[in-house]
Amino acid sequence: MMGLTPYLILSAILLVLGIAIIISKRNAIAMLIGVEFILNAAALNMVAFSRHGIGALSGQTAALFVIVLAAAEAVVALAIFLNFYHTISTVDIDRGDQLKG
Amino acid sequence: MKEIELQCQPDLLYDGEIPSDVRTEELMLNMGPQHPSTHGVLRVVLQTDGELVLKATPYIGYLHRCAEKIAEKVTYRQFTPYTDRLDYLAAMNNNLGFALAVEKLGGIEVPPRADYLRVIFAELNRIGSHLMATGSYGLDMGAFTPLVYCFREREWIMDLFESASGARLTYSYITIGGVREDLPDGWVQRCREFLDYFEPKITEYNNLLSYNHIFINRTGNVGVCPADLAVAYGGTGPCLRGSGLAWDLRKATPYCRYNEFDFDIPVGRGQNGAVGDCWDRYFVRILEMVQSVRIVRQALDKLTDGPVQTKVPRIVKLPAGEVYYEVENPRGQLGFHLVSDGGTSAYRLKIRGPSFCNLSVLPVLAPNCLLADISALLGSIDIVMGEVDR
Amino acid sequence: MLEIVIFILFAAVAVIAGLAILVSTNIVRMAYWLIAMLISVAGLYFLMGAYFLGVIQILVYVGGVAVLLVFGVMLTSRQMAPKLRPGRVEALWLTVVAAVLLSGLILSVVRVRWEPGAVVAGNSVAEIGRSLLGEFLGPFELVSVLLLVAMLGAAYLARPKTPVQGAQQRKGTTAL
Amino acid sequence: MYTYERPKVEYKGLSLTIVRLATKWGAIGIPLLLRFAWGVFFAAVVAVVAFVWIVGRFINPLLPWFIRDVVVVVGLLAFVCIVAIIGIWGERKVSGRIQSRLGPMRTGHWHGWAQSLADGLKFVQKEDLIPRDADQPLFRLAPYVALVPAFCAYLALPFGVGWVFRSADVSLLFVLAMLAIEVLGVIMAGWASNSKWSLYGAMREGCQLVSYEIPMGLSLLAAVVATGSVNLIELGEVQSGGWFSWLIFQNPFLFLAFFTYYIASLASCKRSPFDLPEGESELVAGFHTEYSGFRFVMFFFAEYVAMFAVSALATIIFLGGWHSPIGGPSSPLWFVLKSTFLVWVQMWVRWTLPRIRIDQVMHACVKYLLPFTLLLFLGSSLWQLYDNPAHPAFKTFAHLLHYGLGCVGLLLLGLYFTGMGYGYYNRNRLVGQMARKHLPGA
């Protein structure tokens, strides 16, 4: 029977990887990928806690919410990126510093 | 034919921005020369924005075989087989056009039986050609089955042609001075059998394809070609009649005793969208098949005994002069501009291919279509590359 | 034992995917690595007995979000691809931040003695359903409102800025 | 002196391929083995080592289960292969008969039954082509991503009570999830081919699949609320006891949900009229334009495997699964029979209808199918609320309607068989001249 620790460590690694991806990439979509990593790390954490009797089923429910939110976030973010691309023909977020369309 | 005010100017250059919802990357798409729905070796360069086509430029010449130049080197009789290969789906009609042009310049009279035979074969070939167009149009729309049904019927027509002329695709049957040979025994009977068999089949095609809801949605209101545009670009045949103009050379300037027959000119009425959309062009072909059946029936009734050819020397010599003669081909008006210097071969022969002129309207109709509409458009124009490139 | 092997397998895939994304310069490959990570996390959910969650992860994340992402990538990539590899200074920065963060997190995780509580057998769909409509009814409704807003927002953002010419021409036949 | 040397003609017909395999199997087998020798050897070593290690180390106490699992998986693989092979052959025969042709008749002598086997052999022998500018790893990976999930769907698909690899609590969702992964393979293929036609196919596939998953899931959910379970075995077991207890006749919403599900499932396995991703007259061959040989076969397999999977889902959820329609003993055979019937209807639709345009596909989904299935879902839930002993009047009404719907179903099936009989009776009129003399009984 595995304990909680391996899951927590994995989740930490995924979180850091996500942050690193966000920092290192200039491409908006690549950054979105980083955000997905962070969200998944968090969800994994919660499910692991719930599995090991901490917080009963609420961990799984919270993870469910994370998935749903991630879907909503991805949709809106992609719509924004496409608009962004439409306006300045690139998805380089460094170019999006003008605050106008 | 009523006078039309020409408003559309041919303008092949597209320069203007077509606004769309989310602009994505523009793509240059090379449709053809090997593409299933370009009906041969046509190459269309599409400029697309997502699925939206901004500009379509046809590039032709992949099947150029110098037919016009060859005409200057061979005798008139020898050129007849070359006309087979112009619009290879309607070889009889091509033969007829060339023969009529030569006969007009040479003042050659044709016996009545030959005239009726010419009408019978031309109309049968019109049916065959339209069957091919209808079937492959179904294929362009993603329905495979109509194609096979149409080929089944076309097979019968080809059998009839084979028994009369010996060939199944390039007949060279209608020659200068009449037709090459008389009919074999029982041919008329078999032809009648075919007509009786074929007529109800047209209803089946309509039920299967023409009135199919998806098909109507795919073709109705797509590629609308108004009458003035069709005239401005020299569109003829179903491409012109589909736009609502009842213009048919068989009625306007009757040749081969077409004035003796009772038939109608079907035109597009915009039943499923604007007049002149793809569905109209398609449906005009279906209706023309019905009319052709009518004509063939009448011609079979009128078929008299007698010679099928006038005496024409083996090597025809035409007087110096020039003639331009047009006949109504399945795809439109096929014209032969023949200039003779009194020798045994043409000084210059210019062929007006209906597919070529009809194709020229593509760049005008294509912008703002979807990618799938391009194949709908090409199929409804129904080109034969052998005639476009000559 | 088998559980450990499977855990290591999935964990390795997830971590390798993350590293691959970090070093990759090809945005499409990145999207597919993300999908590998998502699937392996779903596998971990299965391993933990959260079947419903695992299936939903695949259904929503892989079938929906990831496809959307790949779609977005295809629509915007090719020409004028933005810089995908960080500069030297940035890389240094990045390494320092990541190392500090990671060591801190792992240290804190390892130092705590987790009391392995009773393993919850709660993997039944019915139980999750009850908890969604009971304890978590408020968040559940909020999320549904949020989804609606997100949908409307995305539709608004992607609306036609100017009417398409062809739309009028084809009016009446677009609908099936 | 000029001598004419007669060129050596080698007949490469399909039937000969089969014969050659039977007689001189080495002629094909050895080159094949050599081509894949390294991979086969490696895989074999890994498999043997892994097997010995796993069995020796962990599975010892669970050995019977392990063996059962291996047997079931191998059986499922065989079943899936047979489904695909028969499906491909059947598609050709069905299309042939619909188009008044005969379809394959030679290979294997009896109605060309070995045609898809022969084709498979031919494809395996083909050169392994990858376009120069393709994204190599993704190009190689894509067919597997398309095929493996389609197979994985069968792991949770029950053929009967006890006839299932794993009876999971969420098997319905699992099957849907697996079918959803398949789209990734297609998109991957389209992107990696580095061909614009392929890219268009992939984009269309992405658009279509993501949209149609929603009505598909919603129509299934309408059935789920009626039974209160997402376990396929429970869903199937609810419907025991013959024709009238099938879920499709349970209430009018489910009756309609079956049809919406069927339409959405056509779209989800890229079948006509929703075959835009590979629409051959528009996109050459769509996402698999650049694929040939065995990779192409995998896409082909994936399509037929998915076809059967969605039909099986419809069978389990709406058409009584493994229960006989006349109330006899239930059997997996019934399940396979009903699913096969649905697959045949898919083929029938394919060879009858033209293709829809992409904007119409999206409009049909977002404007019509989606709201409609939402209504069905709502209606089914409400029906469930009232269809209980607390509302006797409604209960009677529901009962009557239930039998009425059953009769409508019977009527539809009767019409179908009448049409079939009519077609058979008039087969000489309906088929072409060439095919006529080959027809049985002619």
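Chains as they are written, first to last, in this note's numbering: chain W, 1 to 101; chain H, 1001 to 1390; chain L, 2001 to 2176; chain G, 3001 to 3442. Note that the Cβ used here is the ideal one computed from N, Cα and C, for glycine as well.
Between residue i and chain G, is any beta-carbon pair separated by less than 8 Å?
| i | result |
| --- | --- |
| P1036 (chain H) | yes |
| F2140 (chain L) | no |
| F2007 (chain L) | no |
| M1132 (chain H) | no |
| R1314 (chain H) | no |
| N1272 (chain H) | no |
| V2164 (chain L) | Low per-residue confidence applies at V2164 (chain L): pLDDT is 47, beneath 50, and the placement is therefore not dependable enough to give any value. |
Quick check on the burial criterion: 16 or more other C-beta atoms within 10 angstroms. Buried or exposed for residue i?
| i | result |
| --- | --- |
| P1146 (chain H) | buried |
| V2041 (chain L) | buried |
| R2130 (chain L) | exposed |
| K3270 (chain G) | buried |
| H1064 (chain H) | exposed |
| Q1291 (chain H) | buried |
| M3434 (chain G) | In this prediction, M3434 (chain G) has a pLDDT of 48, which is less than 50 and means its spatial position is unreliable; what the coordinates show is noted afterwards. That one is exposed. |
| D3133 (chain G) | exposed |
| T1175 (chain H) | buried |
| N27 (chain W) | buried |
Got a sec? Which residues, its chain only, sit under 8 Å from residue i by beta carbon, not counting five neighbours each side?
| i | result |
| --- | --- |
| R1352 (chain H) | E1326, Q1333, L1334, G1335, F1336 and H1337 |
| E3278 (chain G) | G3201, K3270, A3285, G3286, F3287 and H3288 |
| T3352 (chain G) | I3098 |
| L64 (chain W) | none |
| G3241 (chain G) | H3323 and G3327 |
Does the CB of residue i have a neighbour CB from chain W at under 8 Å?
| i | result |
| --- | --- |
| I2056 (chain L) | yes |
Relative to the C-alpha of residue i, which residue among the options is closest?
| i | options | result |
| --- | --- | --- |
| F2071 (chain L) | W:A62, W:G18, W:I38 and W:I29 | W:I29 |
| L2105 (chain L) | W:Y7, W:M31 and W:M2 | W:Y7 |
| G1071 (chain H) | H:S1243, H:L1063 and H:P1081 | For the sequence presented, residue 1071 (chain H) should be read as Ala rather than Gly. Comparing Cα-Cα distances from A1071 (chain H) to each of H:S1243, H:L1063 and H:P1081, the minimum goes to H:P1081. |
| K1073 (chain H) | H:Y1233, H:L1349 and H:P1363 | H:L1349 |
| R2029 (chain L) | G:A3189, G:C3407, G:K3395 and G:W3383 | G:A3189 |
| G3406 (chain G) | G:L3141, G:K3093 and G:W3246 | G:W3246 |
| L3375 (chain G) | G:W3197, G:F3244, G:A3223 and G:H3363 | G:A3223 |
| T3373 (chain G) | G:P3325, G:L3221 and G:L3313 | G:L3221 |
| R1180 (chain H) | H:S1360, H:T1310, H:M1028 and H:P1319 | H:T1310 |
| V68 (chain W) | L:L2133, L:P2139, L:A2155 and L:L2157 | L:P2139 |
| Q1271 (chain H) | H:I1265, H:V1284 and H:D1262 | H:V1284 |
| Y3304 (chain G) | G:L3370, G:A3153, G:G3103 and G:Y3386 | G:A3153 |
| G1223 (chain H) | H:G1242, H:I1214, H:L1209 and H:N1207 | H:G1242 |
| H3111 (chain G) | G:L3102, G:W3334 and G:Y3422 | G:L3102 |
| N1368 (chain H) | H:G1321, H:V1053 and H:A1230 | H:V1053 |
| V3345 (chain G) | G:N3194, G:T3260 and G:L3266 | G:L3266 |
| M1028 (chain H) | H:H1039, H:S1037, H:P1036 and H:V1045 | H:V1045 |
| A1366 (chain H) | H:I1265, H:G1166, H:G1237 and H:T1048 | H:T1048 |
| A1056 (chain H) | H:L1371, H:L1195, H:L1208 and H:G1142 | H:L1371 |
Contact criterion: CB-CB distance below 8 Å. Does residue i meet it with respect to chain L?
| i | result |
| --- | --- |
| Y3425 (chain G) | no |
| M3434 (chain G) | At M3434 (chain G), the pLDDT of 48 sits below 50, so the modelled position is not reliable and the matter cannot be decided from this model. |
| V3048 (chain G) | no |
| E3303 (chain G) | no |
| M2 (chain W) | yes |
| Q35 (chain W) | Per the sequence shown, residue 35 (chain W) should be read as Val rather than Gln. Chain L, which has no Cβ nearer than 8 Å to the Cβ of V35 (chain W), makes this no. |
| W3191 (chain G) | yes |
| I9 (chain W) | yes |
| E3213 (chain G) | yes |
| I38 (chain W) | no |
Just to confirm my understanding: we take residue i, look at its own chain, exclude 5 residues before and 5 after, and list those with CB closer than 6 Å. What are they?
| i | result |
| --- | --- |
| G1273 (chain H) | G1220 and N1221 |
Using C-beta distances below 7 Å, list every residue in its chain close to residue i, excluding the 5 sequence neighbours before and after it, in chain order.
| i | result |
| --- | --- |
| V3170 (chain G) | V3230 |
| P1033 (chain H) | V1041, L1042, R1043 and Y1062 |
**Study point:** Cβ contact check for the stretch 1272-1286 of chain H and the stretch 1210-1220 of chain H: 3 or more pairs under 8 Å
**Key:** yes
Review point. Does the pairing of the stretch 1119-1133 of chain H with the stretch 1143-1162 of chain H give three or more beta-carbon distances under 8 Å?
Key: Two segments are said to touch when three or more pairs of C-beta atoms, one from each, lie closer than 8 Å; by this definition the stretch 1119-1133 of chain H touches the stretch 1143-1162 of chain H.
Review point. Would the stretch 3168-3187 of chain G and the stretch 3230-3239 of chain G be scored as touching if the rule is three or more Cβ pairs under 8 Å?
Key: yes
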